[in-house]
Amino acid sequence: MPISNTCLVRQKIGWLLCLLVILGLSVQAQPNRSITINGLVTSAGSNQGIPGANVVVKNTQQGTTTNAEGEFTLSVPEGKAVLIVSSIGFQTQEVSLAGQSKLTISLQPDDRSLNEVVVVGYGTVKKSDLTGSVSSVKAAELRQTPIANFVQGLQARASGVQVTQNSGAPGGSISVRIRGNNSISGSSEPLYVVDGFPIAGGDNPVAGGGSGLGNENGNRLSVLSTLNPNDIESMEVLKDASATAIYGTRGANGVVLITTKRGKAGKTRVSYDGYYGQQQIRKTLDVMNATQYAIYENEISGQPINPNPEQLGKGTDWQSLVFQKAPMQSHQLSVSGGNEKSQFALSMNYFDQDGIIINSNFKRGSVRVNLDNTVSKRFKIGTSLTYTYSVNNGAVTSTLGDGGPAGGIILSALTVPPTLSPFNADGTPTVFTGPYLDLNNPVALASQVLNRNTTRRFLGNIFADWTIADGLTYRASFGGDLVTDTRDSYVTRNIRAGSQVNGIGGKGNNNTNTVLHESLLNYHRLLGNHDVTLTGVFSTQGQAQSAESMTGQQFPNDLVLNDNLAQASIVSIGSNRQAWRLDSYTGRVNYNFKSRYLLTLTGRVDGSSRFGANNKYGFFPSIAGAWRVSEEAFMQGQKVFSDLKLRASYGLTGNADIPLYNSLSRLSSVGNYNFNNVRTIGIAAANISNPDLKWEKSTQADIGLDFGLLNNRIQVTADVYYKKTTDLLLSRTIPLSSGFGTVFGNFGAVENRGIELTVNAGVLTGSLKWDISANVSANRNKLTLIDGTRTEIVPGDGGSTIGAFTNNSILRVGEPIGSFYGYTFDGIFQTGDNIPTGRTAGNIRYRDRTGDGAISAADQGIIGNPNPNYIFGINNTLKYKGFDLALFVQGVQGNQIYNISRLRLEGGAGGLNQYATYVDRWTPTNPSNRYQKALTGQRVNQSDIHIEDGSFVRFKNITLGYTLPAVGKMAWLANSRIYVSANNFATLTRYSGYDPEVNTAGQSNLNLGVDNIGYPVAKSFIAGLQLNF
Amino acid sequence: MKIAHIYSFLVLAFALTYLSACQLDETPYSFLSAQQFYTSASDAEAALTASYTPITDLYGRVGTQLPDYSADQSFPRAVVGRDQLTVFSYDATMDLIGQYWQHCYNGINRANQVIENVPKITMDETRKKQILAEAYFLRGLYYFHLVKTFGEVPIKQESTKDISSTEVAKSKVEDVYAFIIKDFEQAIKDLPATPKDRGRAAIGAAQGLLAKTYLYAENWAKAGENARAVIQSNRYSLLPNVLDLYNPSREDAARAEQIFAAEFSTLSGLNGSDLVGFYAPANSPPVFSKTAFGSAFGYMSFYKSFNPVDKRRQLLDTAYVNSAGKLIGQADATLKDRVIIKKFLDPNSNGANGENNFPILRLADVYLIAAEAEARQNGPTAVAYTAINTVRKRAGIPDLTPGLSKEAFIEAVLQERSWELYVEADRWYDLTRTGKFKQVATVLNSYYASRPVQDKHRYFPIPNIEVLTNSKIEQNPAWK
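Going down the list, the protein sequences come from chains B and G. Using the working numbering, you'd call the opening residue of the first sequence number 0 and step up by one each time. Using the working numbering, you'd call the opening residue of the second sequence number 938 and step up by one each time.
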């Protein structure tokens, strides 16, 4: 490829030049002279020293923190230095040093400081200067609940952000929707930016190899689980166009900025933060016992297969065999500190969570090194490096075909007849025979399948800041995210998928290497009342992915598993390589007049290799303004509002989550043929090309209001937004007669409208301190266009087979994406009813919507909506002396769940155990109007009877902690804390399944709220210890 | 600002501009782009091979499941909805129906790509013509499958290149037959007498299927003429022992009779025949297959319809010795009312993947086409009797009673076809093309107490997904 080679050479030369310049600069940099000052920071109310306050020399990175007595020592440049002194709970103060070397700084208490700095794209702003809609989540909030994945910490913390744990597996799949579902086929997951490095939020690209058992969507590991949440200082969620347009084609789904902890000058701090706890299933589901099953089996077969059902009693309780009480623990050791010149933060973490399904667990070890060094007055360098090693032993909870007709572990535990016994005399799991041949023993599924993913991830960047002139800085950063995922799999002969081929095992590797360069030029100028900041960024990010997989079948025995694939008599291999690149040119103007009138303009040009030849570059501008009414002269007399700001923004963002190479017609091996008993390779077009392929375009308007009452004891942020997304990426189903199944292009449009409200209140501020932070948001999603010709795409084929859930939702213009579609249940045909041909008494009656006297596909309609009416989160924190008590409540209201498991478990089609409710099925003597009769092979269609209210209010966390006071010889333990907490300890819901927080289809945009029995969410009880030295 | 700084800044700016001046073209690594392909003889062969692939996709399972589970010879165990075919409860959303349709049209589109792109490739002209002839043959073959299964279907004469060309209306059944006939005739012109490789189509395959197409299109004269041409070409002969036809280790010898087949293989990267596992009863010894699904069995009534001396009945069984050495008979729950089908056994299978080729056209079929066509055109003549008796003789049963009426003779041919071609995806189409398909309603057993077949089951419904996405197509009226 001559073109790309040239490109590579150019890139290399470019990097080299950059490096030379930076090296040159660092040599040029001159150290300057400094003096040492001593100070004391006190609270204005009590005159007591404030420990841990930040003291920074303005316009430099030099700084320190105060000691336990509030004292500090700092080296400052000679001349007119200005110190910025800040501490949580106090107003930040600037102090000019006029030559003094000893001073006392008294800070005004301020519970909710508006001077708090908020991280935004390519920079930071003071909270008071913010023009966009941004929610922040701090480390303390993140750590309140025990989490494997930092995204869990966002749940119910930020308005407009819906976080759903799709799978309760340790480290399992999570979906995040910021202001609704913007896409059909593209990802709707936000962009995550870790210390400036953008990473995708999609589930882990699982390496191949082996049977694929346990490898489906709902079983995936969240890629974000491979980062250590304990290293995070803060997370900012960017929601409106003003905040997100600066991320161009990756901004449309919102952006989550993650800032990790950095060292501060001063005393070296050592802290240990650990907990240990136990998790368990929230509840088990009632299925028929052995007696009830035997009666059912006799009834459906018409033969006395079980002569004496009553004698069978309860039989095997499969759920009790696969669920366990599972421990989880986390240990974090952090050391941070430094001097004015160099600061460091080091951490080590070990996280180990067993799953509530036997033999499933997730372990992660990580280290982090964050360094900052002030080389000279004008030059600073720094780095953030982290390496994690995660091992996930996944449970096979997949419910697609691979687990056998009864599904994965949990579904099997529900559907395998209780009349069967779990173990042979020698303790090995039973292999079912005869009529139960197709079923997998759930215990075997949990113990005889190796399904391990090992992920090694290095994420790091190195940056250099150069102050070219006063107010003009340049930052160059280079980063890399190197992820290697290795999959080990083996299915023994105790599982159908393994016995059919005498064992199947595999190994696969997925190497995903992403590199990033950013050049950022920042200019700040204060001219009288005009405050201007200009930011320009060039960035280029590229990713290369390569994958190999090996699969062996026909092993002599199951002893070596996948560790010697050469023993397999049939081995197949595969490999793949792909790459993408994104070049971006970004600019921003921040202007404010007297801190009263604020204006932000941003623009980004993104060029992506993924786009079709006709659309290589996209432009994404935004504008936002804010008016701080409270700064106006006429507001100075009033006492009601301590802060009042109006915000408005409008802009364009994109979503370029286009699978690679989709604009091209790809010719590849679509299948081979056997000529002369030799494998002959066949090559044909695998898809239709689309040179017009481009990003999805979101236009968003947002109006917001921020106000503070009672000297900001109560702070309220409210936003109203409207977001219209056009050119939706859609892998549109096309007629199969074309020889293809789908074509990928920009077709539809969707809109999201919503309101968000966040209230933070200091209810009590005395010695008993009570803070409430609450948020509530409501989003309405509506599909407005499919492709100009069609007004709906209904669930396609496959929907008839019990348990297949490829497509349960309809895309219909005017309705939310994900709407459930099916028949309306209208009771059971009773003997004597006017029963149509092909149906008999005891069959389900569906409502004849068309009124044509027959039930056909046209009688289906929208039967449910998986999108909630509103979601909320409320956190209460109470502090009294050393004690702290927190109660965190999460709510999701008005959504529906398609409990697809009931198709099988109340279907009465034979061969599988049923929910206990099915005891009440129709028989000639029990004319049930709810459950149809038992009949081999009968069809059960998707109908509203399986749609349930998914609303819930969850007590996510209650924590009781005690912080040790500084007492005598134990003073070194001051600020150390012990706590106990209960998580997910109570969930109020009418949903009949394991848990209302469920989506077996993973991060899919179409199949939302589908419960085909995945990995249930657990509740947990933990005890923890935080030591600070 | 120091001069050095300005200088550095300029270099940096230059470096970054230089850096960003790369093209954003996507470089494919793991596949080819359309510009790179269709340039050499090997590309032509690879494109043609891709057109063959849907044959094994089709006969991997669904190609036989759809017709055979509907008919009166075999039935599925009631798992994953296959029994819907037997009890006629399926509708247009059934996945198997969609798969059948999709495999055929995948093949048609790939054959169209060959027909459009290969002529411009510089290569050996003789082979080029053969490649094109094979593509015409395959296109005809796929359309034949579609028309007998679905009736009116869209005729795609060109490959799909962009979104605008994906929707095509249905054609009348007679137009589809005319199109198939044209394709087979085109293929006959350039196909070699003996195939270039085992597994490829030769003249006999195209002409034999042409005869069968004419039979279905009820052009008796042409059906007879083409069937006789295949027989008289003397390129094919009936295997003396009918059992040898199904022995995977004698696959090549069977090519004397096997005119065209879906070529399965246990080789890695190829489709193996799943049927070995399907028909192997539970816990059967590896003589059946290394893996036994026990997914389908024969009806006892069909077993009993055979003359006990009929050698073909030896490919059915009412008992077996399981892997534990226990004799499993009709009294056992595993085999109650079930007859084991032993046409597809492979002791050397890879799991449930057998070497066994699936017959699409064999000489016995051609003899019976000749017999039926002759009888329908000229009555039960000596020619017709000779044709059917050739098949009966090989099966070891006496000649057909002489002097039958035309109707009785035709009925006898259809019965002979059932005995000869059972579970070879043929019987249901015989029943539907002759309007006798509703007689399966009486073929019952303890698993299937009722089979409410209706007029609409003459053809399968057009897959729902096609109706939904193709605005130019309407569901068959009977299925609306």
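Even glycine gets a Cβ: it sits at the ideal position worked out from N, Cα and C. No experiment lies behind these values; they were computed from the predicted model shown.
Spatial distance of residue i from residue j (CA atoms)
i: residue 1321(G); j: residue 1307(G); result: 7 Å
i: residue 1311(G); j: residue 1347(G); result: 10 Å
i: residue 534(B); j: residue 520(B); result: 6 Å
i: residue 1081(G); j: residue 902(B); result: 37 Å
i: residue 668(B); j: residue 1179(G); result: 37 Å
i: residue 529(B); j: residue 618(B); result: 28 Å
i: residue 962(B); j: residue 41(B); result: 22 Å
i: residue 252(B); j: residue 178(B); result: 8 Å
i: residue 578(B); j: residue 660(B); result: 9 Å
i: residue 1201(G); j: residue 1294(G); result: 5 Å
i: residue 362(B); j: residue 118(B); result: 31 Å
i: residue 330(B); j: residue 95(B); result: 42 Å
i: residue 567(B); j: residue 558(B); result: 12 Å
Test: residue i CB closer than 7 Å to a CB of chain G
i: residue 669(B); result: yes
i: residue 121(B); result: no
i: residue 935(B); result: yes
i: residue 374(B); result: no
i: residue 71(B); result: no
i: residue 690(B); result: no
i: residue 463(B); result: no
i: residue 683(B); result: yes
i: residue 436(B); result: yes
i: residue 674(B); result: yes
i: residue 575(B); result: yes
i: residue 342(B); result: no
Own chain residues within Cβ distance below 6 Å of residue i, not counting five before or after
i: residue 647(B); result: 624, 702
i: residue 525(B); result: none
i: residue 972(B); result: 963
i: residue 512(B); result: 481, 543
Span of the beta strand (DSSP E), counted from its first residue to its last, around residue i
i: residue 746(B); result: 741 to 764
i: residue 668(B); result: 665 to 674
i: residue 994(G); result: Residue 994(G) -> not in any beta strand (DSSP E); alpha helix (DSSP H) instead, spanning 978 to 997.
i: residue 696(B); result: 695 to 708
i: residue 571(B); result: 569 to 592
i: residue 486(B); result: 471 to 490
i: residue 1121(G); result: It is not in any beta strand (DSSP E) - residue 1121(G) instead sits in the alpha helix (DSSP H) that spans 1110 to 1127.
Neighbour flag for residue i against chain B, beta carbons, 7 Å
i: residue 1286(G); result: no
i: residue 1075(G); result: no
Contact test: residue i Cβ vs the ligand MG heavy atom, cutoff 6 Å
i: residue 1409(G); result: This structure does not include the ligand MG; it has no bound ligands of any sort.
Segment limits, alpha helix (DSSP H) that includes residue i
i: residue 1237(G); result: 1237 to 1241
i: residue 1406(G); result: 1401 to 1406
Cβ-based neighbour list, residue i, same chain, cut-off 8 Å, excluding 5 preceding and 5 following
i: residue 1128(G); result: 1067, 1070, 1071, 1074, 1138, 1139, 1140, 1142, 1143
Cβ shell of residue i (< 7 Å), same chain only, five flanking positions each side left out
i: residue 747(B); result: 183, 727, 729, 782, 784, 785, 786
i: residue 854(B); result: 845, 847
Cβ distance (whole Å) where residue i is taken to contact residue j below 8 Å
i: residue 1390(G); j: residue 1012(G); result: So it is not a contact: roughly 13 Å between Cβ atoms.
i: residue 159(B); j: residue 650(B); result: That belief does not hold up - the Cβ atoms of residue 159(B) and residue 650(B) are roughly 16 Å apart, past 8 Å.
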